[in-house]
Each structure stands twice: as C-alpha cells, then as structure tokens.
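Under the working numbering, the sequence shown is numbered contiguously, ending at residue 451.
Encoded as structure tokens, the structure appears first; notes follow it.
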Amino acid sequence: MSYAFSRSTDAHVDLSSQDAFNDGAPFATFDRMRRETPMAWSDMANGDRGFWSVTRHADLLELNRQADLLSSARGIRMEDQTEEEYEARKTFQETDAPVHRAFRALVSKAFAKHTVAGFEDQIRTIVTDLLDVALGEGEFDAVDRIARRLPMQMLAQIMGVPVSDGPMLVELGDALISNSDPDYTDFVIDKVDTDAYRLLPFRSPAAVKLFDYANDLLDRMDAGEQIGVLNLVRQTTSHGTQMSRDEFRNFFCLLVAAGNDTTRYSISATIHALANNPALLRQLQAGDFTNWEAAADEMIRWASPTSHFRRTATRDFTFHDQTVRAGDKVVLWFISGNRDEAAIADPYALRLDRPRNPFLSFGQGGPHICLGMWLAKLEVAIVMQELAKRLTAIEQVAEHSYLRSNFIHGIKHLPVRVTAR
31 MSYAFSRSTD AHVDLSSQDA FNDGAPFATF DRMRRETPMA WSDMANGDRG
81 FWSVTRHADL LELNRQADLL SSARGIRMED QTEEEYEARK TFQETDAPVH
131 RAFRALVSKA FAKHTVAGFE DQIRTIVTDL LDVALGEGEF DAVDRIARRL
181 PMQMLAQIMG VPVSDGPMLV ELGDALISNS DPDYTDFVID KVDTDAYRLL
231 PFRSPAAVKL FDYANDLLDR MDAGEQIGVL NLVRQTTSHG TQMSRDEFRN
281 FFCLLVAAGN DTTRYSISAT IHALANNPAL LRQLQAGDFT NWEAAADEMI
331 RWASPTSHFR RTATRDFTFH DQTVRAGDKV VLWFISGNRD EAAIADPYAL
381 RLDRPRNPFL SFGQGGPHIC LGMWLAKLEV AIVMQELAKR LTAIEQVAEH
431 SYLRSNFIHG IKHLPVRVTA R
C-alpha cells in the first residue's frame with residue numbers, strides 16, 4: 031500500500047546542517063548518495079572536522095558490526111569533542127567492549143522481549159487513559175496528547191520514579207536531545223554560545239536539573255532503597271567495575287532523553303500515516319489482521335527516528351575506493367538504509383504486512399543495538415490496536431512540523447480530528 035511521507039526533494043542537502051530535516055527527511059539526497067557516492071565525504075558547516083557518510087543498507091550492516099574498526103568511544107554525534115568533554119559526558123553508549131558489554135549486561139534483562147511482554151497491560155492502560163481524554167476533545171495535537179506522553183509514563187514506571195514527575199522529565203529530556211530546536215530549548219546548540227555547558231550531556235543546562243534528580247536517586251539507592259531498574263546499573267559488573275556517580279548521572283540523562291524521544295517520533299509517524307491514508311486504518315480494523323509486530327516494525331522503519339550514529343575510525347582502511355584515516359568520523363545513516371531498494375522491496379511504500387523487513391532503526395547488527403527496542407515495538411503496536419478499536423476515522427486538519435535536528439527525525443506537532451466509534 032503506497033503512501034507518501036513528507037520529504038525534501040533537494041538531492042544535495044547539507045547533512046551537517048541542523049536544518050536538513052526541517053521539511054522532512056532528505057531522502058532525495060540519500061537516494062543520490064546510495065547511487066553515486068556510497069562512501070561520501072562531507073564538510074561540516076560549523077567548521078568542525080568533516081565526516082564520511084555511509085548510506086547503503088549492506089554497508090551499514092557490515093560496518094556497524096565492526097566495533098574494532100569503528101569506535102563509539104569518541105562520541106556518537108557529528109560534533110567534535112575534546113578529551114575532557116568526552117570523559118565528562120560519556121555514557122555506556124559511548125564506550126566499546128568490554129566496558130560497553132559489561133554494563134549492558136546489567137540492564138539487558140530488564141528490557142528483554144519476555145520481560146517487556148509483561149508490561150502489556152500497563153501500556154494498554156496508559157494508552158486507553160490518554161485516548162479517553164484526547165477522543166473527548168475531537169481535535170487535538172496527536173504528538174502532545176498521545177505520542178509525547180505514553181513513552182515517558184511507561185518509562186517512569188520501569189525506572190521506579192513517580193509518574194507525576196513525567197512531564198518535568200519530558201521537558202528536560204527534550205531540552206537535551208532536541209538541543210537544536212528553539213521550541214525545546216533557549217540554548218540552541220548552533221545558534222548561541224553553549225561553551226559554558228560543554229561538560230554537560232548534550233551541552234545543555236537542562237542536565238543540571240536532571241543531575242540533581244539523579245543525585246537524589248543515588249542517595250536513596252546508597253541508603254538501600256530499590257528503585258525500579260536503576261539499581262541494576264549500579265551493580266558490580268563481571269569485570270569487577272561499578273558505574274560511578276558521574277557515569278550514573280549521565281546514564282540517567284540518556285535514559286530520560288533517548289528512552290522517550292525515539293518512541294515518541296515512531297508513534298507520531300504512525301498516527302500521521304493513519305491520518306493521511308484511511309485505507310491503513312481499515313486494514314488494521316480487518317478481522318483477519320493479526321500481525322501487529324510486523325506492522326509495528328514497518329511503522330518504525332517508516333519513522334526512522336534516529337537518523338544516524340557517528341563512529342570514529344581506529345585505523346586506516348579503504349571502503350568503496352575511499353581511504354578513511356584513523357581518527358576520521360564515519361556517520362552511519364540508518365535512515366538511508368531504511369529506504370534502500372537493494373535491501374527493502376519498494377521502500378517508499380508503507381506495507382503493514384511486509385513479509386521481509388530488515389530495517390535498521392534500532393542499529394541492528396551492531397553491539398549498540400537499542401536496549402529499548404522491544405518496549406518501543408510494543409508501545410507502537412498497542413497504539414495502533416487501540417486506535418483501530420476506538421476510531422471510525424482520523425484526519426490531519428492542519429500542517430504538521432518536524433523537529434529541527436539532523437540527529438533525531440520526527441514530527442513534533444500533528445493536528446488531527448477524530449471520529450470515535
């Protein structure tokens with residue numbers, strides 16, 4: 031079933047610019063790069079060192095699994111960092127094996143598929159409560175009323191913090207990971223001088239309040255209190271190490287920001303699709319439709335909320351006849367791989383029953399595959415189920431807008447009108 035997602039038609043978008051995704055993902059640029067220059071050099075508009083772009087699905091899989099060649103331990107975003115900045119801001123996401131593997135093992139069981147399956151009733155209750163309010167309004171911003179609220183409410187329960195703290199945590203998390211969008215922060219990373227905050231996560235003063243929140247959690251855990259899954263990350267690893275207080279604070283910031291935003295934008299893309307193609311809603315409402323996991327996978331491929339991750343070459347190597355030097359930044363454009371026709375049949379069609387879907391939205395194939403992927407998939411599936419159950423129709427009634435970011439891609443405002451059953 032074909033359906034056109036908003037996208038830029040410019041085939042030469044500057045991917046280093048935070049404005050590159052303002053009109054939708056620059057798929058025309060990625061299409062050209064996959065055809066012509068699958069290993070392409072780009073200069074940085076802000077004067078930082080340039081980077082290599084990897085855009086083909088097969089290449090992304092090949093390079094993403096080679097952590098010995100492409101390290102995460104010098105940052106995962108395009109920006110340059112000094113050694114001091116990296117050490118102050120790093121989380122286990124910005125480490126390599128064996129450190130990454132050891133800390134990941136502490137929390138992986140809490141987000142395993144079988145564990146997450148046990149959250150279904152809790153997620154469904156949150157969704158139905160949100161829909162009770164939204165559907166009563168008739169017209170609403172679907173991002174504000176549904177997509178922005180569900181992930182943090184569920185994450186708060188898993189973390190063991192009060193759900194009432196969710197709105198505050200969402201606001202601070204937005205200021206962190208959406209630090210390039212003036213709708214979410216007064217300290218826009220490429221518009222104002224953020225040097226005073228360079229040792230804080232995402233160069234954001236919002237981290238100070240999150241650090242204070244994390245310090246309270248640390249004090250309570252040190253006094254013997256069990257707080258959701260957070261105690262797990264402070265256990266001693268198999269290598270005899272323990273996450274320091276500084277590392278825990280950074281981890282907490284990452285959990286609040288990344289644990290909310292990527293799922294939010296998968297849900298907003300899902301609702302956008304349903305609101306612009308009534309046939310999709312009818313397909314979900316068909317009595318013989320049962321493959322909700324495949325439908326969630328397709329929606330998350332479609333959304334591609336994390337557009338890229340950056341790696342750093344550990345040694346010289348040649349790829350597609352290009353010589354990459356040790357220390358070069360290499361950007362893995364997963365959003366491009368999710369539209370690569372060589373790997374995904376008819377990639378610009380949204381097919382909820384797609385039989386083969388090797389999508390890359392969670393960084394599949396590499397050691398940093400998203401811890402929260404099973405939770406995200408279940409949340410998207412339940413949103414679809416409950417919308418199909420409770421709606422006769424949904425339509426977009428005004429222009430939507432995108433997050434200003436070349437790192438996180440998503441719809442931040444989506445006005446819709448619904449007709450409830």
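Don't be surprised by glycine CBs; every beta carbon is placed ideally from N, CA and C.
Everything numeric in this text was worked out from a predicted model, so none of it was measured.
Output needed for residue i: all residues of its chain with C-beta closer than 7 Å, excluding positions within five of it in sequence on either side, in chain order.
{"i": "Arg-428", "result": "The question names Arg, yet the displayed sequence has Ala at residue 428. Here the set comprises Pro-445."}
{"i": "Leu-262", "result": "Leu-136, Val-137, Ala-140"}
{"i": "Arg-95", "result": "Gly-395, Gly-396"}
{"i": "Thr-158", "result": "Glu-416"}
{"i": "Ala-205", "result": "Tyr-214, Thr-215, Ser-234, Ala-236"}
{"i": "Val-200", "result": "Arg-178, Met-182, Asn-290"}
{"i": "Asp-110", "result": "Asp-78, Arg-79"}
{"i": "His-430", "result": "His-302, Ile-441, His-443, Leu-444"}
{"i": "Gly-105", "result": "Gln-111, Tyr-116, Glu-124, Arg-340"}
Under the DSSP definition of a beta bridge, which residues are partnered with residue i?
{"i": "Val-360", "result": "Trp-82, Arg-341"}
{"i": "Asp-443", "result": "Note on residue identity: the sequence assigns His, not Asp, to residue 443. Paired residue(s): Ser-431."}
{"i": "Glu-425", "result": "Arg-447"}
{"i": "Leu-100", "result": "Ala-343"}
{"i": "Ser-194", "result": "For Ser-194, which the question treats as bridged, DSSP gives no partner whatsoever."}
{"i": "Thr-336", "result": "Ile-438"}
{"i": "Met-69", "result": "Val-84"}
{"i": "Gln-352", "result": "Phe-349"}
{"i": "Arg-169", "result": "First, the amino acid is wrong: residue 169 is Glu here, not Arg. Beta-bridge pairing links Glu-169 to Arg-447."}
{"i": "Asn-52", "result": "Gly-54"}
So residue i and residue j are in contact, right, with Cβ under 8 Å, and what is the actual spacing, rounded?
{"i": "Glu-409", "j": "Pro-192", "result": "That belief does not hold up - the Cβ atoms of Glu-409 and Pro-192 are roughly 20 Å apart, past 8 Å."}
{"i": "Val-360", "j": "Phe-81", "result": "7 Å"}
{"i": "Leu-230", "j": "Val-238", "result": "7 Å"}
{"i": "Ile-365", "j": "Ile-207", "result": "The Cβ separation is near 16 Å, so there is no contact."}
Would you say residue i and residue j are within 8 Å of each other, going by their C-beta atoms?
{"i": "Gly-305", "j": "Ile-424", "result": "Sequence inspection shows Ala at residue 305; the Gly mentioned does not correspond to that position. Going by C-beta atoms, Ala-305 is nearer than 8 Å to Ile-424."}
{"i": "Phe-241", "j": "Asn-209", "result": "no"}
{"i": "Leu-310", "j": "Leu-247", "result": "no"}
{"i": "Ile-257", "j": "Gly-190", "result": "yes"}
{"i": "Ala-88", "j": "Ala-343", "result": "no"}
{"i": "Gln-453", "j": "Arg-279", "result": "As shown, the chain starts at 31 and ends at 451. That puts residue 453 outside it, with no answer to give."}
{"i": "Thr-145", "j": "Phe-281", "result": "no"}
{"i": "Asn-290", "j": "Leu-405", "result": "no"}
{"i": "Arg-386", "j": "Glu-328", "result": "no"}
{"i": "Lys-407", "j": "Ala-326", "result": "yes"}
Just the Cα atoms here: how many angstroms apart are residue i and residue j?
{"i": "Glu-323", "j": "Arg-451", "result": "24 Å"}
{"i": "His-302", "j": "Gln-426", "result": "7 Å"}
{"i": "Ala-236", "j": "Leu-202", "result": "6 Å"}
{"i": "Glu-277", "j": "Arg-250", "result": "17 Å"}
{"i": "Ala-103", "j": "Met-69", "result": "22 Å"}
{"i": "Pro-212", "j": "Ser-268", "result": "43 Å"}
{"i": "Arg-331", "j": "Asp-376", "result": "13 Å"}
{"i": "Arg-86", "j": "Gly-367", "result": "5 Å"}
{"i": "His-350", "j": "Val-163", "result": "53 Å"}
{"i": "Thr-336", "j": "Ile-441", "result": "13 Å"}
{"i": "Leu-285", "j": "Gln-183", "result": "13 Å"}
{"i": "Gln-313", "j": "Met-414", "result": "11 Å"}
{"i": "Ser-274", "j": "Val-448", "result": "48 Å"}
{"i": "Gly-168", "j": "Leu-421", "result": "11 Å"}
{"i": "Val-84", "j": "Phe-347", "result": "14 Å"}
{"i": "Gln-48", "j": "Pro-388", "result": "28 Å"}
{"i": "Ala-172", "j": "Asp-318", "result": "27 Å"}
{"i": "Arg-154", "j": "Ile-188", "result": "15 Å"}
{"i": "Asp-370", "j": "Asp-61", "result": "8 Å"}
{"i": "His-130", "j": "Ala-97", "result": "11 Å"}
{"i": "Ser-435", "j": "Ala-75", "result": "14 Å"}
{"i": "Pro-197", "j": "Arg-65", "result": "44 Å"}
{"i": "Thr-353", "j": "Leu-90", "result": "17 Å"}
{"i": "Cys-283", "j": "Asp-195", "result": "14 Å"}
{"i": "Asp-358", "j": "Arg-107", "result": "13 Å"}
Which residues in the same chain have their Cβ closer than 6 Å to the Cβ of residue i, if we skip the five residues on either side of it in sequence?
{"i": "Phe-392", "result": "Ile-399, Cys-400, Met-403"}
{"i": "Arg-452", "result": "Because the chain here runs from 31 to 451, residue 452 falls outside it and cannot be looked at."}
{"i": "Ile-412", "result": "Ile-153, Arg-154, Val-157"}
{"i": "Arg-119", "result": "Pro-231"}
{"i": "Thr-315", "result": "According to the sequence provided, residue 315 is Gln. The question's Thr does not apply to it. For Gln-315, where only same-chain residues beyond five positions count, the Cβ hits under 6 Å are Ala-418."}
{"i": "Thr-59", "result": "Ala-41, Val-43"}
Beta carbon of residue i: closer than 7 Å to some heavy atom of the ligand COA?
{"i": "Ala-50", "result": "You won't find the ligand COA in this model; it holds no ligand whatsoever."}
Leaving aside the five residues before and after residue i along the sequence, list all residues of the same chain whose C-beta is less than 8 Å from its C-beta, in chain order.
{"i": "Leu-93", "result": "Val-84, Leu-99, Leu-100, Arg-341, Phe-349, Val-360, Leu-362"}
{"i": "Ala-356", "result": "Ala-343, Thr-344, Arg-345, Asp-346"}
{"i": "Asp-174", "result": "His-443"}
{"i": "Tyr-227", "result": "Phe-217, Arg-233, Ser-234, Pro-235, Ala-237"}
Does residue i come within less than 8 Å of chain D when only Cβ atoms are used?
{"i": "Trp-332", "result": "Of the chains in the structure shown, none is chain D; there is only one protein chain."}
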